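Q: Reading the sequence shown from the start, the letters are residues 128 to 833 in my numbering. Ideal Cβ positions, reconstructed from N, Cα and C, are used throughout, including at glycine. Owing to the predicted nature of the structure, the values given are computational and were not obtained by experimental measurement. Below: one structure in structure tokens.
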Amino acid sequence: MSRYLQTDQHGIDHLEAAGFGVWEWDLVTHRVHYSKKWKSMLGYACDEIGETFAEFQDCVHPDDIAELLAKLNQHLEGLTPIFAQTFRMRAKDQSYRWIVSQGSVMARDENGKPLRLLGTHTDITESKQALIELETQKNFINKVVNSAPILVYIFDLETQQNVYCNETVFGILGYTPAEIQAHGKNLFDLLNFHNDDLVKVQRHYTELAQLPDGEVRTIDYRVEHKSGDYLMFRSHETAFKRNEMGQVTQILGTAVDITELQESEVQLAFLAHHDPLTGLMNRTLLHSRLEHAMQLCKREETLVAVCFIDLDDFKYINDRYGHAMGDRVLIEIASRLKKRVREEDSLSRIGGDEFVVVIESLPDEQTAQIIFNDFLQVFEAPIVIDKTEFSLSISMGISFFPQHGTTIDRLNRNADTAMYRAKQMGKNAFQVYKESMSKDLVGRLELEADLKMAITHNQFELHYQPKVNLKSSKVVGFEALIRWNHPTKGLIRPDHFIPLAEELGCIVPIGEWVLEQACRDLLTLQDDAHFYGTIAVNVSGVQLENGEFIKTVEAIFDQLEITPQDIELEITESAIMNNPMRWINLLAQLRFMGFKISIDDFGTGYSSLSYLKKLPVNQLKIDKSFVDDLTFDEEDSVIVSAVISLASAMHMGCVAEGIETQAQLAKLIEMGCEQGQGYLFSKPLPVQEVKAWLLDINSVQNLTPI
């Protein structure tokens with residue numbers, strides 16, 4: 128050991144107690160002397176390391192040696208007051224330790240040549256590794272934030288300047304980071320808000336100063352893209368920093384580009400109100416207009432006419448010339464009718480070749496008949512498309528409010544009855560409803576009596592249609608479909624008696640029976656066919672209105688010891704949208720219990736995305752009417768694609784109903800639809816046939832569409 132290290136042992140002890148190792152470099156003999164602590168930091172005993180500078184240098188990491196020597200030489204030459212450097216040294220176990228070494232020249236000769244260098248040595252490996260890990264985490268977080276397809280920013284409310292924003296904003300607004308830097312702009316210098324949104328945005332940021340902790344505010348606004356177009360953003364903002372008065376001075380926000388979602392919402396909103404082929408209002412909007420006309424009629428003491436129009440023998444055009452030509456004919460018909468309808472009246476296409484006109488503020492029936500004759504004259508001139516001439520006629524049925532009904536349903540039924548009478552009378556004419564036309568009235572009364580008898584004598588049975596994963600062809604569930612086994616008429620489909628059951632109120636006991644029987648059949652399929660998918664059960668809006676529905680469901684499941692996760696409840700879109708706010712809590716209860724919730728016949732009723740996003744729904748079912756013409760009808764294809772995209776964006780499943788052809792299946796798979804059902808896979812089957820069917824497809828480990 129050097130003379131200095133021996134004579135100043137007391138000072139060395141203090142340094143070592145503080146965690147420092149001590150070293151001395153004799154620049155005359157070129158020997159390096161180390162304290163005991165210095166050696167132990169690298170895992171060496173006192174006699175296990177030499178005293179040559181070359182041996183010291185050999186322990187330094189190759190990547191660090193050049194800079195270390197440069198710093199030493201600078202100090203020895205008097206260019207720096209002290210020597211200080213962080214570098215890596217190889218320990219006895221061959222691992223590298225991070226070292227902070229500091230020293231200074233303690234003696235020079237009469238010419239200023241350094242004779243002795245004394246310094247300390249500190250192991251900072253743990254803190255260095257912590258810093259490296261922290262930097263790694265920081266880089267990871269920055270990478271995640273900057274690669275996320277959302278804007279992340281911190282905004283100072285006092286200076287109205289952006290404190291931070293991720294790089295995503297530049298790409299979304301069409302700018303490169305270089306362009307931003309060149310112009311010295313920050314985030315909010317780029318946000319050219321739409322003029323119509325300025326007041327809303329300014330008020331929003333004023334209100335944020337009083338934002339309570341933990342509360343998030345949301346705002347939608349439009350921002351100009353570099354191209355000049357406007358994008359719609361949805362921002363979610365919360366308090367990030369406050370002043371001594373407790374007022375928010377900085378907010379943390381995230382913003383998402385919802386331009387496409389908004390366009391989809393606008394498109395779906397239009398489709399919810401209008402017929403996609405002709406652009407005319409659909410049944411839902413027509414009913415709303417009719418309701419308004421009826422209220423106006425009561426105040427003005429006038430008449431309202433509901434006119435059902437059906438094209439005579441239109442099926443021939445579709446069969447002879449194809450649906451594409453038939454659609455063009457329908458568009459021309461709609462155009463002609465639109466020109467004859469008054470501005471205050473309402474024209475609708477409700478499906479196929481059926482149109483409905485609501486005529487308001489009529490002084491008497493005679494005035495209405497003039498209008499009806501005018502409609503007939505619309506078709507005196509043939510329709511010519513691509514040099515093909517079509518001579519068409521129409522049959523019309525009319526009912527008047529309040530003479531022929533005081534409800535929309537009654538007026539529609541009576542107008543429909545009158546229209547069929549016009550067809551029976553030779554077509555190309557109109558008929559005003561008369562009580563004597565209601566031959567179906569007697570049949571209806573008989574049906575009512577038979578329906579009540581069916582409930583008493585348990586004449587119902589369930590058939591099951593499989594739901595299939597379209598990509599894997601695996602059966603994932605079944606939909607339970609009720610059939611009425613009438614003693615004289617045979618099996619009656621639900622669309623022939625369910626509306627009547629709902630109107631009579633007897634849908635409640637029928638619905639309870641369906642749910643209980645579906646659960647029993649599921650247990651049978653689990654035991655006998657090893658089926659562990661779900662059973663979907665249709666639930667009427669009338670059932671949901673019954674205050675005992677939840678209790679009834681709980682009683683059934685307690686009795687049968689079945690888990691709600693195995694049952695999917697399907698509710699029609701129209702039933703939900705009649706009063707969406709009313710169903711949110713009820714559906715949330717059912718979802719909490721474990722049921723899966725599906726919206727059935729999606730696209731056929733009036734849907735608002737503002738309500739849809741609040742509903743606790745797992746799945747959307749695309750109505751069969753859109754799937755039928757999917758492969759050759761562009762409008763239906765657009766609707767189906769929009770619904771699939773909407774379901775995906777809202778993290779819902781999507782099921783297509785009524786798949787009957789391989790072409791439809793291929794198109795749906797291409798669009799990304801997850802599940803489907805239809806005659807391509809199987810018709811609805813009684814439970815015993817379902818068992819055999821399941822065992823058959825299980826034996827071949829695959830489901831091959833028929």
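Taking Cβ to Cβ, would you say Y106 is nearer than 7 Å to F320?
A: Because the chain here runs from 128 to 833, residue 106 falls outside it and cannot be looked at.
Q: For L717, I'd like the list of residues in its chain whose CB is within less than 7 Å of its CB, leaving aside the five on either flank, ordered along the chain.
A: Hits under 7 Å: L696 and I724.
Q: Excluding the 5 residues flanking I535 on each side, which residues of the same chain have their C-beta closer than 6 Å to its C-beta?
A: Correct list, in chain order: H414 and L417.
Q: Within 10 Å of its beta-carbon, does S228 have 16 or more other beta-carbons around it, so buried, or fewer, so exposed?
A: It is buried - the Cβ of S228 has at least 16 other Cβ atoms within 10 Å.
Q: Alpha carbons only, please: which of I226, K616, E606 and L627 is nearest the one belonging to Q644?
A: Checked all of I226, K616, E606 and L627; the closest Cα to Q644 is E606.
Q: Would you mind reading off the limits of the alpha helix (DSSP H) that contains R620?
A: R620 -> no alpha helix (DSSP H), and no H or E assigned at all.
Q: Ends of the alpha helix (DSSP H) at H331?
A: It spans L325 to E334 - the alpha helix (DSSP H) in which H331 sits, taken as one unbroken run.
Q: Could you tell me which residues DSSP puts in a beta bridge with A366?
A: Paired residues: I378.
Q: Based on Cα-Cα distance, which residue from P626, R610, I625 and A774 lies nearest to I619?
A: When only C-alpha atoms are compared, the closest one is R610.
Q: Can you tell me whether E487 is buried or exposed, with buried defined as 16 or more other CB within 10 angstroms of its CB?
A: Buried, since its Cβ has 16 or more Cβ neighbours within 10 Å.
Q: From the DSSP output, which residues share a beta bridge with M98?
A: Since the first and last residues shown for the chain are 128 and 833, residue 98 lies out of range.
Q: Looking at the structure shown, is K748 part of a helix, part of a strand, or coil, going by DSSP?
A: Note: K748 maps to strand in three-state DSSP.
Q: Helix, strand or coil for Q389 per DSSP?
A: Three-state result, Q389: helix.
Q: Return the Cβ separation of E784 and L807 in integer angstroms, given the expectation that the two are a contact with Cβ distance under 8 Å.
A: About 11 Å separates the two Cβ atoms, so there is no contact after all.
Q: If you pair each beta-carbon of the region 792-803 with each one of the region 630-640, do three or more pairs fall below 8 Å?
A: With a cut-off of 8 Å, the region 630-640 and the region 792-803 do not count as touching, because too few Cβ pairs lie within range.
Q: Which same chain residues end up closer than 6 Å to L822 when comparing Cβ atoms and leaving out the 5 residues on each side of it in sequence?
A: So the list reads A656, once near-sequence residues are dropped.
Q: Looking at the unbroken beta strand (DSSP E) that takes in H160, where does it start and where does it end?
A: Note, H160: beta strand (DSSP E), R158 to Y161.
Q: Would you call the region 770-779 and the region 746-755 touching, i.e. three or more CB-CB distances under 8 Å?
A: Contact between the region 770-779 and the region 746-755 is present, because at least three Cβ pairs lie under 8 Å.
Q: For the alpha helix (DSSP H) containing S764, name the first residue and the last one.
A: It spans E761 to A776 - the alpha helix (DSSP H) in which S764 sits, taken as one unbroken run.
Q: Does any residue of chain D have a CB that is nearer than 7 Å to the CB of V680?
A: Looking for chain D here will not work: only one protein chain is present.
Q: Out of curiosity, what's the CA-to-CA distance linking Y591 and W710?
A: Straight-line Cα distance between these residues: approximately 27 Å.
Q: Does DSSP put N541 in a helix, a strand or coil?
A: Residue state, collapsed to three classes: helix.
Q: For T295, which three-state DSSP category applies?
A: In this structure, T295 counts as helix in the three-state DSSP scheme.
Q: Starting from P840, trace the alpha helix (DSSP H) both ways and give me its first and last residue.
A: Given that the chain is displayed from residue 128 to residue 833, the structure contains no residue 840 and the question cannot be resolved.
Q: Report the three-state DSSP secondary structure of T249 (helix, strand or coil).
A: In the structure shown, T249 sits in a strand (DSSP, three-state: E or B).
Q: Leaving out five residues before and five after V817 in sequence, what residues of the same chain have Cβ atoms less than 6 Å from its Cβ?
A: Here the set comprises Y591.
Q: Within the same chain, show all residues whose beta-carbon is closer than 6 Å to that of T661, passing over the 5 residues directly before and after it, in chain order.
A: Excluding positions up to five away in sequence, the list reads G604, D693 and E695.
Q: Closest to L608 by C-alpha separation, out of V814, H160 and A549, would be which residue?
A: When only C-alpha atoms are compared, the closest one is V814.
Q: Identify whether K240 lies in helix, strand or coil by the three-state DSSP scheme.
A: Of the three classes helix, strand and coil, the one that applies to K240 here is coil, per DSSP.
Q: Would W165 and W150 be called neighbours here (beta carbons separated by less than 7 Å)?
A: In contact: W165 and W150 (Cβ atoms closer than 7 Å).
Q: Please report how far the alpha carbon of E428 lies from the alpha carbon of R476, in whole angstroms.
A: So the alpha carbons of these two residues sit roughly 28 Å apart.
Q: Does DSSP put R130 in a helix, in a strand, or in coil?
A: Low confidence applies here, because R130 scores a pLDDT of 49, under 50, leaving its location unreliable; read the following figure in that light. Helix at R130.
Q: Which residues in the same chain have their Cβ closer than 6 Å to the Cβ of A819, if we skip the five residues on either side of it in sequence?
A: Once the five neighbours on either side are set aside, A819 has no close Cβ partner at all.
Q: Let me check one thing: in DSSP terms, what residues is G148 bridge-paired to?
A: DSSP lists H248 as partners of G148.
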